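Residues 1 to 571 (UniProt numbering) make up the sequence shown, in order. Quick reminder that beta carbons are idealized off the backbone N, C-alpha and C, glycines included. Since this is a predicted model, take the numbers as computed values, not measurements.
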Amino acid sequence: RLRKTVIKKKTKKKCASYISTKCLCPLSFTVFRHYSPLSVWMQTDLTVDKLLALENNKNSDVEKKEGRIDDLLRVTMFLHLFSLSFCVCVCVCVCVCVCQSKQEKMSCRDKSMQDRLRLGQFTTVRHGASFTEQWKDGYAFQNLIKQQERINADREEIERQRKLLGKRKPPSVAQIPPPSLEPNKRKIKSNGAENEECVVHRLSLAEYHEQEEIFKLRLGYLKKEEAEIQAELERLERVRNLHIRELKRVHNEDSSQFKDHPTLNDRYLLLHLLGRGGFSEVYKAFDLTEQRYVAVKIHQLNKNWREEKKANYHKHACREYRIHKELDHPRIVKLYDYFSLDTDSFCTVLEYCQGNDLDFYLKQHKLMSEKEARSIVMQIVNALKYLNEIRPPIIHYDLKPGNILLVNGTACGEIKITDFGLSKIMDDDSYNAADGMELTSQGAGTYWYLPPECFVVGKEPPKISNKVDVWSVGVIFYQSVYGKKPFGHNQSQQDIIQENTILKATEVQFPAKPVVTPEAKAFIRRCLAYRKEDRIDVHQLASDPFLLPHIRKSLNIHCGEVQVPVHFVIL
């Protein structure tokens, strides 16, 4: 209900002035209204003090907003300056990386040019109307070959002189004939006439032994010199392998479209080529965002492929990316990123490892000690155990020395597993614990490292499980300690298929040398059991006694005077 109030004239003027000049939102409260011609005014419950308080609050809110705006402007300016500074730092980083990469490229090419004369080079040879490249050894190999020829000639000469010395060997006392019985030794001329008597001058026993000792020492020295030359020749062959690899890498890098240090995806600065495969190139790159070195694998599809084949290849690569992206283990190479360049190429960004792979190491050194091979197998099994503990479990299916990276390039360091392109996911829909899962990609993979069940041909696809990786581990361990593959060593993949080499690999054979412990041989037999039902799985492999550090030294543990079997201690 409205109530009427008598207000002094001065007060009415003040209120009217306040409302007309100060009120910014007249709808926020009820103002005085001129209700009738009788100049009767109406008023709300707000007093002048309350209006002044509202004005002060509004002014303080405005000041706070203005303060916040100033703070945001300052932060925006700071971010802008920081962005400019970051761009400058990135530009400087790019310049430094590019300059360093160019210097390294120049140094590598200078060294390759110098090594061409010393180690050898590829030369173009004409055969009819075609030209082929042929390798020609450098002067270092030619000098060693000449030294070997000299040693062989000296050995033949010493052997000839030893035969002559044997004819002049003094006879024993019992073998000396009487002078009357000794036949006259005469030479016959060409006309049949007899010449003067030819007497064979025999040496004394002391002279014979003296000359014989000299020949033995000379032969021993030649043998030692030949061993040194052979060792130097093997060392030069390892260096030559590196030289040939570098020559091919430089040639591939010079013919690549990414040789001029492009920045892919506005983030990855390509530095130099690491290697080239069938449809991919791997570059060492620098991540400008994370400030770290990475390996960028550029997949380039054949432009002549049909769209269906391109889509299938891209789908296969995306599947590998999804599998690899979720893996996080110190023995598995990390996958950081994936992006497309154009319709025919895409990239995957991987963890960068400085060393070489196990395949290159075995080509250089032929084999390694049992302890070194065991250390590598332990790390591989550790990664396989992780792959079978995650959900859903994963079968690598392509374990081989080429997919095992040696972090520091030696056999006594850490390893990392890579290349999950053929991996199999053991999900609930496709995997059965009793039978395994169907092999849908039969024919893919590296045949020397696949078990017999992968080569069985029938009406239905063969069943596989993680025992495929166990077989691969056994082959890798065998090859590392013996320097050759257990099955199909000098055969091609086509020969393995045609001759059913793996299907006939019912039992593994061990050479006499190098010497390998019986425990290691038993471990290899457990991994290379022909029937998959008799072969251990990954979980059993991880707990194998040969790989346990406290069990491998002895089959018994001494507890005072009593010998306690190892398996009792474990239980």
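- Task: Answer yes or no: do L541 and V470 have a C-beta to C-beta separation smaller than 9 Å?
- Result: yes
- Item | Inter-residue Cα distance where the pair is D357 and Y478 | 17 Å
- Among A140, T289, T76, C108, which residue has its Cα nearest to the Cα of V94? T289
- Reduced DSSP secondary structure (H/G/I, E/B, other) of C412: The three-state reading of DSSP puts C412 in coil, since its state is none of H, G, I, E or B.
- Message: Can you find the residues in the same chain that come closer than 6 Å, C-beta to C-beta, to V98, ignoring five residues on each side of it along the sequence?
- Response: H261
- Backbone CA spacing between D344 and K521 [nearest angstrom]: 48 Å
- Query: Beta carbon of A512, beta carbon of F487: below 9 Å?
  - Reply: no
- Quick one: measure Cβ to Cβ for L528 and V508, integer angstroms, because I've assumed they're closer than 8 Å. Yes, they are in contact, since the Cβ atoms of L528 and V508 sit about 5 Å apart, within 8 Å.
- Contact set for G413: own chain, Cβ-Cβ below 6 Å, skip 5 residues either direction: V407
- Message: Let's see if you can read the secondary structure: which residues bound the beta strand (DSSP E) around G275?
- Response: 268-276
- Query: Between Q346 and V250, what straight-line distance do the alpha-carbon atoms span, to the nearest angstrom?
  - Reply: The displayed chain sequence assigns Phe, not Gln, to residue 346. Roughly 23 Å between the two C-alpha positions.
- Item | Residue environment, W135, which counts as buried when at least 16 other CB atoms sit within 10 Å | exposed
- Would you kindly work out how many angstroms separate the C-alpha atoms of Q148 and I229, rounded to a whole number? 7 Å
- Message: Let's see if you can read the secondary structure: which residues bound the alpha helix (DSSP H) around D61?
- Response: 48-119
- Minimum C-alpha distance to L270 - residue among V296, Q291, N252: V296
- Item | Whether I380 touches I417 by CB criterion (9 Å) | For I380 and I417, yes; Cβs fall inside 9 Å.
- Whole angstroms is fine: what's the gap from C318's alpha carbon to I298's? Spanning the alpha carbons of C318 and I298 requires a straight line of approximately 13 Å.
- Query: For the candidate residues N252, R202, H539, whose alpha-carbon lies nearest to that of N382?
  - Reply: When each option's Cα is compared against that of N382, the closest is H539.
- From what residue to what residue does the alpha helix (DSSP H) around K223 run? 205-254
- Beta-bridge pairing of E281 - partner residues as DSSP gives them: Paired residues: R276, I298.
- Query: Grouping DSSP H, G and I as helix and E and B as strand, with all else coil, what is K136?
  - Reply: strand
- Apart from the five residues on each side of it in sequence, which residues of its chain come closer than 8 Å, Cβ to Cβ, to L219? R155, I158
- With DSSP as the reference, label E314 as helix, strand or coil. Before going on, a small fix: residue 314 reads as His here, not Glu. Correct three-state label for H314: helix.
- Task: With DSSP as the reference, label C454 as helix, strand or coil.
- Result: helix
- Using 10 angstroms around the beta-carbon of F131, count the other beta-carbons present and answer buried if the total reaches 16, otherwise exposed. exposed
- Message: Between which residues of its own chain and L165 is the CB-CB distance below 6 Å, once the five residues before and five after are set aside?
- Response: Q211
- C-alpha gap between G275 and D70, whole angstroms: Rounded to the nearest angstrom, the two C-alpha atoms are 55 Å apart.
- Query: Would you report the Cα separation of K187 and L217, rounded to the nearest angstrom?
  - Reply: Residue placement at K187 is poorly supported in this model, since its pLDDT is 49, which falls under 50; the coordinates are not used for a value here.
- Message: Just verifying my parser: in three-state terms, what is the DSSP assignment at C527?
- Response: helix
- Query: Near V96, which residues of its chain fall below 6 Å by C-beta distance, leaving aside the five closest residues on each side in sequence?
  - Reply: Cβ within range, chain order: n/a, list empty.
- Message: I'd like the span of the beta strand (DSSP E) that includes E438, first residue to last.
- Response: 436-438
- Message: For Y386 and L367, what's the separation of their Cα atoms in angstroms?
- Response: Y386 and L367: Cα-Cα distance of roughly 28 Å.
- Message: Give me the residue from K485, I497, Y530, D537 with the minimum Cα distance to G436.
- Response: D537
- Query: Are V333 and C353 touching if we call contact CB-CB under 9 Å?
  - Reply: Cβ atoms of V333 and C353: closer than 9 Å.
- What span of residues does the alpha helix (DSSP H) with E372 cover, start to end? 370-389
- Query: Within 10 angstroms of its Cβ, does L181 collect 16 or more other Cβ (buried), or is it exposed?
  - Reply: Summary for L181: the model assigns pLDDT 49, below 50, so the residue's position carries little reliability, and this model does not support an answer.
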